[in-house]
Structures are given as C-alpha cells and as structure tokens.
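A.B. asks: These protein sequence lines are chains A and B, in that order. For the first sequence, this note's numbering gives the first residue as 4, with consecutive numbering after it. For the second sequence, this note's numbering gives the first residue as 5, with consecutive numbering after it.
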Amino acid sequence: MQGLAFDIAHLLAGSLVLVSFLMIYQDRLPSLINVFALHAILLAASVAWQATIQNMPELYVTAMIALLFKAFVIPVSLRRMIVQLGIHREIDTVVGTGLTMLAGMALVALSMVVMLRITAMADPLAREDLAFALSVLLLGLLMMVTRRNAVGQVIGFMSLENGLILAAAGAKGMPLVVEISVAFSVLIAFIVIGIFLFRIRERFDSVDMQALDRFRGEQQP
Amino acid sequence: MTIIQPLTLVLLMPLLSAGFLALMPNYRVSSAFNVLASAVTLLSAGLLVVRPPQPNDYFLVDELSVIFIVLNTFVGFTTSLFSATYIGHEIETGHLTPGYVQFYHAMYQLMMFGMNVALTANNIGLMWVAIEMTTLATVLIVGIYRTHQSLEAAWKYFILGSVGIAFALFGTILVYIAAEPVVGEGLPGMIWTVLNSRVAEFDPTLLNVAFIFLLLGYGTKVGLVPLHAWLPDAHAEGPTPISAVLSGLLLNVALYAVLRFKVLLAANPRAMAPGPLMVTMGLVSLAFAAFMLYRRRDIKRLFAYSSIEHMGIIVFAFGMGGPLANFAGLLQMTMHSLTKSAIFFAVGHITQIKGTQRIGDIGGLTATHPGLGWGLVLGVVAIAGLPPLGIFMSEFLVVSSTFSRAPLLAIPLVVGLLVAFGALMLRLTGLAFGEPVGTQAPVRISYVPMFAHLAIVFAAGIYLPPAVVVWFQHVASMLG
C-alpha cells in the first residue's frame, strides 16, 4: 500500500508541474484562466491526498480552500473582470513560446537537481514533493516575468503560491498556522489586486503594464 | 506582576487603533489619535527594556529584538508627529481627501502592528505572516495618491515584494523540514528558541539551501541589489511619512529576519558560513547604489538610493561578523534609521513648499527656509558620514575592522563610501545653497521630530552612553 500511496502523490504533484507548463504557453486570457482552475483542482487533490496518507485532517481544510477559492471563486471573477475590461480577446506574451518552454525545462531540471541532492536524508515522500513544489514555484515566477498583462502576472503569482502550498503540505506535520495564512494572504492579495486592476482601469483604460512603464518617475516628457 | 503586560500593549495598541482609525472620519482627530497611539506603543516598548517577558511558543523578546523594537516604536512615534503636519497640508491642497486619510491612518497602525509582531515573534511562521502583512499595508499606502506613478510604484512593489515573500516562505518550509527529524513534528519545529538550541543536529545541506532562499526573499525587502527595483519607486511615489518609515523601519525589520536566520545557520558547524554571501550582496548594493546616486534628478529617489547604499554597508558589516563588525553594524543601522527618517521629514516639507520633487527645481533652501535648509544640510552631512556625527563613527568601525581582517575587501568598501559621499555633497550644494529656486509658499513645518533625530545622531557621534555600549556589545557577541 505504501508504494501505491507514494505513486499517487507523485502522480498528482507531477501533473501539477505539467499543468504549469500548459499555463506558460496559453496566450489568450480565458484559456489561461481555465488552465489555472485545473491547476488549483490538482493542488486540492494533491493536498487532500497528503492529508490522507499523513493522517492530518487539518490539511483537508487547506485542500477545501484551494478548491473553492482558487478553482472556482477566483477564475469566475477574473473571467468577469476581463470581459468587463474588454481584454478577453487579446494575445499576451512578451517572449516567444519556444524560448519560454526551454527556460521552463531548464528551471525544472535545476530544481530536481538541487532538491533531490540536498534532501537525500529526508523522507522520500517529502523529498519528491519538494522538488515538484520548487518546479511549480519557479515556473510561476517564469510566467510572471514573461507576461506583460497584469491579469497574466496575477495568475503567475497565484500558481507560484500553489507551489508553496504543495511544499507546505508535503512537509510532515507542519502546523496549520502556515497553511491558513497562505490561504489568507492569497485572499488579501486578490483583493489588493482587484483594487489595483480597477484603479488601473480608471486611469489608463488598460491593464497593459507597458503603458505604465511610460510613466516612470524620472523620464522627462 | 501587572494586569497588562507591556508586550501585550506593544502589539494590541497598534492593532486596536488601526480599527478605531478606520472608523474615524475627522482627520484632525485621527492625526492626534495616531500620535497618541504611537506614544503609548513607544512607552510600552520602553517597559519591555526594563522587564522583558519570558519567551513562550509564539513570542520572544531578547536583547537583539529589543533594540529593533525600541527603534521601531520611537521612529514610528516621531513619524506620526511629522505625518500629522504633512497630512494637514495634503488635505488643504486637495492632494488627499479625508476618506483616504482615514484609510491611511488605519494602514499606518496596521503596518506598525505587523512590524512589532515580526520583531517579537518566536515562531518563524508567525514572523513570515507579519512581514507579509506589513508588505500589504505599505503597498496600499504607496498607491494612495492614485497617480500614474504611484500606481506603478505600488504595483511593482507588490509584485516584487510578493515574490520575495514567497521565496522567504519556501526557505521557512525548508527550515522546518530540516528541523522536523530532530525536534519532532508540529509546532516545536518553528520556534526560534527550540531551533537555536538544537540546530547543530540539523541536516546542513537543507539549511544551506534554506538560507539562500531566505536571504533572497527577505533580502528583497531589505532592498539588496539586484532585488532592489521596487525600493526607489515606492519611496518616491508614496506619501513622505511612508518613505521615512520604509527607510527607517521596514528595511530593518526584514534585516532582523535575515540576522536571525544567519545566527541559526552559524550555530550549525557543518553548514556553510553565511558571511561571504552577505558580504558579497552588501558590497554589490553599496557599489551599485553609490554610482546610481549621481544620476538622480528626483530628491526622494536620491535618498532612496542612499538607503540601498546604507543597507549594503550594514549587511556587509553583519556578514563580516565578529564582535567589532557586528557592533558597527548595529550602530550603523540605528544611526541610519534616525538620520534617514529625519532627512525624509525635511524632504517632505521641502516638496510641499516647492510643489515638486525635481532636484533642479529646488535650490537655496538655507537662505529662504533656514530651519529646514540647515536641518537638511545636517542630515545629509550625517548620512554622508562626516565626523563628528554618529554615522561617521559606525562607518569608521566597519572600515577599520575590515582593514584589520580582510584588507582587500576594504578597498571596494572605501571606494563605495567615497563615491556616495561625492554624489550626496554635489546634490546638497545645489539644494541648500546658491540662488533660491522655485516657489516659497508658506507651509506649516514640524521641526521637532527632525531635530530630535538629528540631536540624537549628533550626540551619539560625540558620546555614546556606556549602558548603550555594553548593551550593543552584548548583542554583537550574540550575533557571532
């Protein structure tokens, strides 16, 4: 049974990395939001499975938060937002897809090499989980760098946080304080982001971050 | 045994006043209340020095954190005084509406709460949550003017700050994973006092990687190059009281987190030495910021880059380690907080008088506004490190301890200091002397906070009370 439990955890965390890759090359916002919802569902499943095999019922709460909040509430409201802003048809990437995918692969390789080497002594389950979590984190970071649209950056940031929750769930017996705070911070972050998006809309009629770059404080008109 | 512990007051006072201030519509009353709340917090922080509480699972007050807490609440208090005058002017000129000021005051106290929790936390998770909270509160204040520039600055700060904070959480999780096999599952693996006593048995490679993530993560909030990009924008575009608090306090809080983890890593003999990493980042920040100072045309950005430069020196000093360099680092940090916030108090009034932040549009201040002009001169002379002021003494200690231990490292250090000195003096002559430039509209000015800070910096350069020296020396030996 131990072998199967391990394999399932492995499968879920691995598919999370795969979906991160899917997100990287989505150049239209609605499909990006869909893929993000899938990412959140996989995260919830992964955390729930950790709750089962570690016998930590409080992790189910974390899984539920991920499922309700990240897989439903946020995607739905983001979708409404982009329709209201009229940017749901825009194409959005700065760097070419091929190049970004290559960079993504390099980052995953890097995190595998680093994590598997340093955690040789640790529990094998936590070990693999951590390597996947770091991959998801770095891929989220890559996505934030390659998007110029504010909504794309926000989704990149949230997928990065998914990687953090995966790591926290994989760490055996880590107190719940952290999970709740992570979920909570996502909530606040989203509110902040929401306010920002609407303020940006008010000011610029655009959420294109390159429009903001023109207003750098030290450029003379 | 009193009914209310000072620690409870230090934490509850800002939290409760944040709630009250959020509901208080009259800006005059809320400014006064903000000052009052900050004063009470400062007094209770003073009581913490006299009678520190016993550490428990969540809170810890020791000699190291007390320095930070007292400095934090003191600058928080003086800034609230300055802020009352500043906000009054912003309302009169219509830059801010009373609704925004209500929000501003609530966020100010929330930020103070976050910083105080971070400084008293005995739990690495709680510390992380608190620092995240200060990030959110300051992001909201930086964007408060709702101009193009302030929104861009707030957004940049938010994105970079969040990435930093994410890295810090990953590092925190790694520390827990390293601790878990030794101290067992659950809460003990996150408590500073437990971690510090058992760290020698932890897996060293895990700790190494954790420290790199923590240094990068919290280093973003310290403003270390190359993670500093948010700092000048956030300083320049937010309200000036927040620039003072960002430079004077928030950078220190992140530095405190880095220091705690550095001590943890250093206590494990098999882990790598954290010093070289910090020395490198410190020197790079110093050199980069020193050269960038020459190209600044915005007065608040100028002093923001100077903050990066000083954080570089401080991180360098702590990276060198040893009793003397640590002592110098602590002193430099204290003096920098006081001086830089005094400079921002002056700059806040100057920009209100001139109605611009462009250095070219400001000139001859000592002739038109003697109090403000000479205050700025004194502050800049202090921050540039001229004797006999406090920063000269701490920089002298950093340089001399470096010369005696690693002379080669002293060369870039001294070059960086001199380059920054030149840039600051160059700008200062234009700002303070020569022909008056720009409007001279009368503005209400609060001199007390600025000159109180400068007086302390001046006095410390000439005479440091033995009690303070003993205290700092004790902490310096603790830092290893």
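No residue lacks a Cβ here, since even glycine has one placed at the ideal position from N, Cα and C. Because the structure is a prediction, the values reported are computed rather than measured.
1. Nearest CA to the CA of HIS478(B): which residue from LEU47(B), GLU67(B), ALA22(B), ARG32(B)?
2. Show which residues of chain B have a CB atom less than 8 Å away from the CB atom of LYS73(A).
3. Using a C-beta cutoff of 9 Å, does ILE177(B) count as contacting chain A?
4. Return the CA-CA distance between VAL489(B) and LEU220(B), expressed in angstroms with no decimal places.
5. For the stretch 230-245 of chain B against the stretch 145-158 of chain B, are there 3 or more C-beta pairs whose distance is under 8 Å?
6. Which residues, in order along the stretch 209-228 of chain B, keep a beta-carbon less than 7 Å from a beta-carbon of chain A?
7. Compare the C-beta of ARG151(A) against all C-beta atoms of chain B and say whether one is closer than 9 Å.
8. Tell me whether the beta-carbon of LEU145(A) lies closer than 9 Å to the beta-carbon of GLY159(A).
9. Opposite VAL441(B) in the DSSP bridges: which residues?
10. Check the Cβ-Cβ distances between PRO224(A) and every residue of chain B, and say whether any is below 9 Å.
11. With a CB to CB cut of under 7 Å and the five nearest residues on each side skipped, what residues in its chain are close to MET488(B)?
12. Out of THR406(B), GLN58(B), ARG150(B), state which residue places its alpha-carbon closest to the alpha-carbon of GLY325(B).
13. Using the Cα positions of VAL418(B) and MET337(B), report the straight-line distance between them to the nearest angstrom.
14. Determine the contact status of ARG301(B) and ILE363(B), defining contact as a CB-CB distance below 9 Å.
15. Rounded to whole angstroms, what's the CA-CA distance from ARG55(B) to LEU11(B)? Just pull it up for me.
16. Pick from LEU250(B), GLY323(B), THR355(B), ALA294(B): whose alpha carbon is nearest that of ARG264(B)?
17. From this set, TYR90(B), ALA293(B), VAL14(B), which residue's C-alpha is nearest ALA424(B)'s C-alpha?
18. Against chain A, does SER405(B) count as a neighbour if the rule is that its beta carbon must be under 9 Å from one of theirs?
19. Determine whether the Cβ of MET115(A) lies closer than 9 Å to any Cβ atom of chain B.
20. Can you name the start and end residues of the alpha helix (DSSP H) that GLN106(B) belongs to?
21. Using a Cβ cut-off of 9 Å, which residues of the stretch 178-201 of chain B contact any Cβ in chain A, in chain order?
22. I need the DSSP call for ASN58(A), collapsed to helix, strand or coil.
23. Let me confirm a value: GLY488(B) is counted as buried when at least 16 other C-beta atoms fall within 10 Å, else exposed. Which label applies?
24. Shorter than 9 Å from the beta carbon of ALA51(A) to some beta carbon of chain B?
25. What is the residue span of the alpha helix (DSSP H) that VAL381(B) lies within?
26. What whole-angstrom Cβ distance do ASN212(B) and MET276(B) have, given they're in contact under 8 Å?
27. Tell me which residue opens and which closes the alpha helix (DSSP H) that TYR31(B) is part of.
28. How do the stretch 363-383 of chain B and the stretch 96-114 of chain B stand: do at least 3 beta-carbon pairs fall below 8 Å, yes or no?
29. If you draw a straight line from the alpha carbon of PRO273(B) to that of THR122(A), how long is it in whole angstroms?
30. Is the stretch 60-70 of chain A close to the stretch 42-51 of chain A, with three or more CB pairs under 8 Å?
31. Does TYR467(B) pass the burial test, meaning 16 or more other C-beta atoms within 10 Å, or should it be called exposed?
32. Along chain A, which residues have their Cβ under 8 Å away from the Cβ of ILE163(B)?
33. Using C-beta distances below 6 Å, list every residue in its chain close to GLY379(B), excluding the 5 sequence neighbours before and after it, in chain order.
34. Secondary structure at ARG8(B), three-state DSSP: helix, strand or coil?
35. Short of 8 Å in beta carbon distance, which residues of its chain neighbour ARG281(A), apart from the five on each side in sequence? Order them along the chain.
36. Interface residues of chain D around GLU61(A) at Cβ under 7 Å?
C.D. replies: Working from what's here:
1. GLU67(B)
2. Under the 8 Å cutoff, chain B gives no residues; its nearest Cβ is about 15 Å from LYS73(A).
3. yes
4. Missing from the structure shown is residue 489(B); chain B here goes from 5 to 484 and no further.
5. yes
6. THR209, LEU210, VAL213
7. no
8. yes
9. GLY367(B)
10. Residue placement at PRO224(A) is flagged as unreliable, the pLDDT there being 37, under the threshold of 50; the coordinate-derived value follows with that caveat. So, not an interface residue.
11. Nothing can be reported for residue 488(B): it is not among the residues displayed for chain B, which extend from 5 to 484.
12. THR406(B)
13. 18 Å
14. yes
15. 10 Å
16. GLY323(B)
17. ALA293(B)
18. no
19. no
20. 102-124
21. LEU178, TYR180, ILE181, ALA182, GLU184, PRO185, GLY188, GLU189, GLY190, LEU191, GLY193, MET194
22. coil
23. In the structure as shown, chain B begins at 5 and stops at 484. Residue 488(B) is therefore absent and cannot be evaluated.
24. no
25. 374-388
26. 5 Å
27. 31-54
28. no
29. 18 Å
30. yes
31. exposed
32. MET147, GLN156, PHE160
33. ALA350, MET454
34. The displayed chain sequence assigns Ile, not Arg, to residue 8(B). Here ILE8(B) sits in coil by DSSP.
35. The question about residue 281(A) has no answer here: the residues shown for chain A are numbered 4 through 224.
36. Included in the structure are the protein chains A and B, with no chain D among them.
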